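Q: Have a look at this one.
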Amino acid sequence: MDARTQRTPRKVTAATIAAKEFARRRRQLMRLAGDDAALLIAAAPERMRSADAAWPYRQDSDFHYLTGFPEPHAVLALLPGRDVAETILFCRERDADRERLDGPRLGTEGAVEACGVDDAFPIDDIDDILPGMLEGRARVYCHFGQEPEFDARLLAWMRRLRALRGGGVVPKEFLALGYLLHDMRLYKSAAEIKLMRRAAKVSVAAHQAAMRGVQAGMAEYEVEAELLRTMRAQGAVSAYMPSVAGGANACIMHYNANRSPLRDGDLLLIDAGAEVDCYAADITRTFPVGGRFTRDQRALYEVVLAAQEAAIEQVRPGQPFSAAHDAAVTVIVEGLRALKLLRGSVASILEEGSYRRYFPHKTGHWLGLDVHDVGDYRIDGEPRMLEPGMVVTVEPGLYIPPDADGPAARWAGTGIRIEDDVLVGRDGPQVLTEGVPKQVEAIEALMAGR
Numbered sequence: 000m001d002a003r004t005q006r007t008p009r010k011v012t013a014a015t016i017a018a019k020e021f022a023r024r025r026r027q028l029m030r031l032a033g034d035d036a037a038l039l040i041a042a043a044p045e046r047m048r049s050a051d052a053a054w055p056y057r058q059d060s061d062f063h064y065l066t067g068f069p070e071p072h073a074v075l076a077l078l079p080g081r082d083v084a085e086t087i088l089f090c091r092e093r094d095a096d097r098e099r100l101d102g103p104r105l106g107t108e109g110a111v112e113a114c115g116v117d118d119a120f121p122i123d124d125i126d127d128i129l130p131g132m133l134e135g136r137a138r139v140y141c142h143f144g145q146e147p148e149f150d151a152r153l154l155a156w157m158r159r160l161r162a163l164r165g166g167g168v169v170p171k172e173f174l175a176l177g178y179l180l181h182d183m184r185l186y187k188s189a190a191e192i193k194l195m196r197r198a199a200k201v202s203v204a205a206h207q208a209a210m211r212g213v214q215a216g217m218a219e220y221e222v223e224a225e226l227l228r229t230m231r232a233q234g235a236v237s238a239y240m241p242s243v244a245g246g247a248n249a250c251i252m253h254y255n256a257n258r259s260p261l262r263d264g265d266l267l268l269i270d271a272g273a274e275v276d277c278y279a280a281d282i283t284r285t286f287p288v289g290g291r292f293t294r295d296q297r298a299l300y301e302v303v304l305a306a307q308e309a310a311i312e313q314v315r316p317g318q319p320f321s322a323a324h325d326a327a328v329t330v331i332v333e334g335l336r337a338l339k340l341l342r343g344s345v346a347s348i349l350e351e352g353s354y355r356r357y358f359p360h361k362t363g364h365w366l367g368l369d370v371h372d373v374g375d376y377r378i379d380g381e382p383r384m385l386e387p388g389m390v391v392t393v394e395p396g397l398y399i400p401p402d403a404d405g406p407a408a409r410w411a412g413t414g415i416r417i418e419d420d421v422l423v424g425r426d427g428p429q430v431l432t433e434g435v436p437k438q439v440e441a442i443e444a445l446m447a448g449r
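Below is the structure:
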């Protein structure tokens, strides 16, 4: 598609979260940990793509949630109850020569001002300063086992602490920081929801641009290019590698080769979402390359659409997380029976699980700073109850294998998924991504105007 003919939507400027909100999160986390604990979290390291070429830097989601600090080579130390300073950030100092090469740094003074921490020290001095701060703490919360380099430094700090004045009081427990922190991240603040709405808005524009521009004979990567162009034109980045899957490629759950030609008569499944200030959107749409569904395609598509609509209705406070999936499965089974793809009663099909041949995945996941966001789906063995402020995806699908025979042969090599991002509102579901058409008539009308 010719980018010159596409109107670029107005640029979306990220509404950054205020420093006082990051400070509130740190205080809440310290209250949960207790005054005899220490909490340590490192910034994401820089990752190399090849040789000396780095991937674009993306901050660790937990570190971002607690600081908003955008740079690598940093460690946050939370020391509840400490008289002098409870929140300490170790980060790089200002360096004119390095900043000329790599870009500006906040430095220690800038970090205190921007992030609202109590104090900041040079990261090069952490080995001398931090061990003493940990003395007398009963336990340390951290992401042990996540980054080998940080794990090694943490163990070295413990050895250094033991050597202090003939043997310092070393924390006796190392506990998973995610146990406390990830439950906090499930509940989105007003500022977070605003960012997620912006990510959704950019993603909607990207999907609309792809629908308007697709033509038979194009390659999947040309559609991917339009998705990415639309995101970047509005100041966003892709939250994950887009899946642009034409024809039978849509039957591959995590397809992202995006190299095949698009054929008239095939369906095209696009799974793509934007990220704004580290917050993600996640949308999937399936539509005909040629602009109109065949009768068979429409019959299967409307089963998935009905399943998604039923599932979205279950995204309400007080409903278990699993309710959306259960509703989607029931509609899927009824639809597959009507199309003669499954035999037997609804109850027997559900008990046997034979529907999984065509619907092998769950209906959704948490969404936030990570596309597959953190948070437990079950509490004490039971499905977690939804509460206002949580955000989930709802994404049922049907995938008929290319080698299908019998009644399923009519749809062999057809993959259909429909996905939206849904906020659990106080009065019911709020679909953040409803701007992308999904009703058959609306899709065909949009594509007719190409």
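The sequence shown maps to residues 0 to 449 in numbering that gives the first Met the number 0.
Backbone N, C-alpha and C fix where the C-beta goes; we use that ideal spot for every residue, glycine too.
Remember, predicted model here, so these are calculated numbers, not experimental data.
Measuring alpha carbon to alpha carbon, tell me which residue in I442, D127 and P287 is nearest A249.
A: For the residues I442, D127 and P287, the minimum Cα distance to A249 belongs to P287.
Q: Please look up how many angstroms separate the CB atoms of R284 and K437, rounded, as I've assumed it's under 8 Å.
A: Indeed, because the Cβ distance is near 6 Å, the residues count as touching under 8 Å.
Q: Should A151 go down as buried or exposed, given a rule of 16 or more other Cβ atoms within 10 Å for buried?
A: Exposed, since its Cβ has fewer than 16 Cβ neighbours within 10 Å.
Q: What does DSSP give as the partner residues of E301 in its beta bridges?
A: Looking at the DSSP assignment, E301 forms no beta bridge with any residue, so it has no partner.
Q: So A323 packs on V314, CB below 8 Å; how close in whole Å?
A: That belief holds up - the Cβ atoms of A323 and V314 are roughly 6 Å apart, short of 8 Å.
Q: Which class does T283 belong to by DSSP, given the choice of helix, strand or coil?
A: Strand.
Q: Is P316 near P387, with beta carbons less than 7 Å apart?
A: Result yes, Cβ atoms of P316 and P387 sit closer than 7 Å.
Q: Flag this pair as yes or no: are the beta carbons of M240 and V201 separated by less than 7 Å?
A: No; because the gap between Cβ atoms is not below 7 Å, this pair is not in contact.
Q: State the Cα-Cα distance for the pair P428 and L366, rounded to the nearest angstrom.
A: So the two alpha carbons sit approximately 14 Å from each other.
Q: Opposite P428 in the DSSP bridges: which residues?
A: Answer is V423, bridged to P428.
Q: Compute the minimum distance between the beta carbon of R197 and the heavy atoms of the ligand MN, and state whether it is under 6 Å.
A: Ligands in the displayed structure: none, and consequently the ligand MN is not present.
Q: Please report the distance separating the alpha-carbon of K19 from that of R383.
A: So the alpha carbons of these two residues sit roughly 30 Å apart.
Q: Below 8 Å on the Cβ atoms is my contact criterion, and I expect A215 with R262 to pass it. Report the Cβ-Cβ distance as a whole number of Å.
A: Indeed they touch by this definition, with Cβ atoms about 6 Å apart.
Q: Which residues mark the beginning and the end of the beta strand (DSSP E) in which I40 is found?
A: Residues A36 to A41.
Q: Locate the beta strand (DSSP E) running through Y398, then write down its first and last residues.
A: Note, Y398: beta strand (DSSP E), G396 to I399.
Q: Looking at the unbroken beta strand (DSSP E) that takes in G131, where does it start and where does it end?
A: Unbroken run through G131 is the alpha helix (DSSP H), I125 to L133; no beta strand (DSSP E).
Q: If contacts are defined as beta-carbon pairs under 8 Å, then I331 and P395 qualify, I think. What distance do you get, rounded to the angstrom?
A: Contact holds; Cβ gap of about 6 Å.
Q: Report all residues from its chain with a CB closer than 6 Å to the CB of M0; omit the five preceding and five following residues, and keep chain order.
A: Bear in mind that the predicted position of M0 carries a pLDDT of just 45, short of 50, making it too unreliable to give a figure here.
Q: Residue ranges of each beta strand (DSSP E) run of no fewer than 3 residues wholly in the stretch 53 to 102, ordered along the chain?
A: Listed in chain order, the complete beta strand (DSSP E) runs (minimum 3 residues) inside the stretch 53 to 102 are 74 to 77 and 86 to 90.
Q: Spatial neighbours of A451 within its chain, please: CB distance less than 6 Å, with the 5 preceding and 5 following residues excluded, ordered by chain position.
A: Residue 451 cannot be examined here, being either before or after the span of the chain that is shown, 0 to 449.
Q: Please classify T15: is it buried, with 16 or more other beta-carbons within 10 angstroms of its beta-carbon, or exposed?
A: Exposed is the call here.
Q: Measure the C-alpha to C-alpha separation of L129 and L163 and round it to an integer number of angstroms.
A: For L129 and L163, the distance between alpha carbons rounds to 12 Å.
Q: When DSSP builds the beta bridges, which residues end up paired with F173?
A: Answer by DSSP bridge pairing, in chain order: V139.
Q: Taking Cβ positions only, does D276 come closer than 7 Å to chain C?
A: The structure shown has no chain C; it contains just one protein chain.
Q: So, are the CB atoms of T66 and C114 less than 7 Å apart?
A: The answer is yes: Cβ separation under 7 Å.
Q: Apart from the five residues just before and just after R9, which ones in its own chain have a Cβ nearer than 8 Å to its Cβ?
A: Bear in mind that the predicted position of R9 carries a pLDDT of just 41, short of 50, making it too unreliable to give a figure here.
Q: Between the alpha carbons of W410 and E351, how many angstroms are there, rounded?
A: Going by the C-alpha atoms only, they are around 23 Å apart.
Q: So the candidates are A52, L39, I282 and R57; which of them puts its Cα closest to the Cα of F89?
A: Checked all of A52, L39, I282 and R57; the closest Cα to F89 is L39.
Q: Since A37 and L75 should fall inside the 8 Å C-beta cutoff, what is the C-beta to C-beta distance between them, to a whole number of angstroms?
A: About 11 Å; that fails the 8 Å criterion.
Q: When burial is assigned at 16 or more other CB atoms within 10 Å of the CB, is S344 buried or exposed?
A: Classification of S344: exposed, given that the 10 Å Cβ count is below 16.
Q: Nearest by alpha-carbon distance to L174: which of W156, G144, L185 and A190 is it?
A: The residue with the shortest Cα to Cα distance from L174 is G144.
Q: Tell me whether W54 is buried or exposed, calling it buried when 16 or more other Cβ atoms sit within 10 Å of its Cβ.
A: Its Cβ having fewer than 16 others within 10 Å, W54 is exposed.
Q: Give, in chain order, every unbroken run of the beta strand (DSSP E) that is at least 3 residues long and sits entirely within the stretch 339 to 393.
A: The qualifying runs are 390 to 393.
Q: Give a yes or no on contact between the stretch 132 to 141 and the stretch 99 to 109, applying the rule of three or more CB pairs nearer than 8 Å.
A: Counting Cβ pairs under 8 Å, fewer than three are found: no touch.
Q: In angstroms with no decimal places, state the Cα-to-Cα distance between D182 and D375.
A: Going from the Cα of D182 to the Cα of D375 covers about 7 Å.
Q: Taking Cβ to Cβ, would you say V391 is nearer than 7 Å to G414?
A: Not a contact, by the Cβ cut-off of 7 Å.
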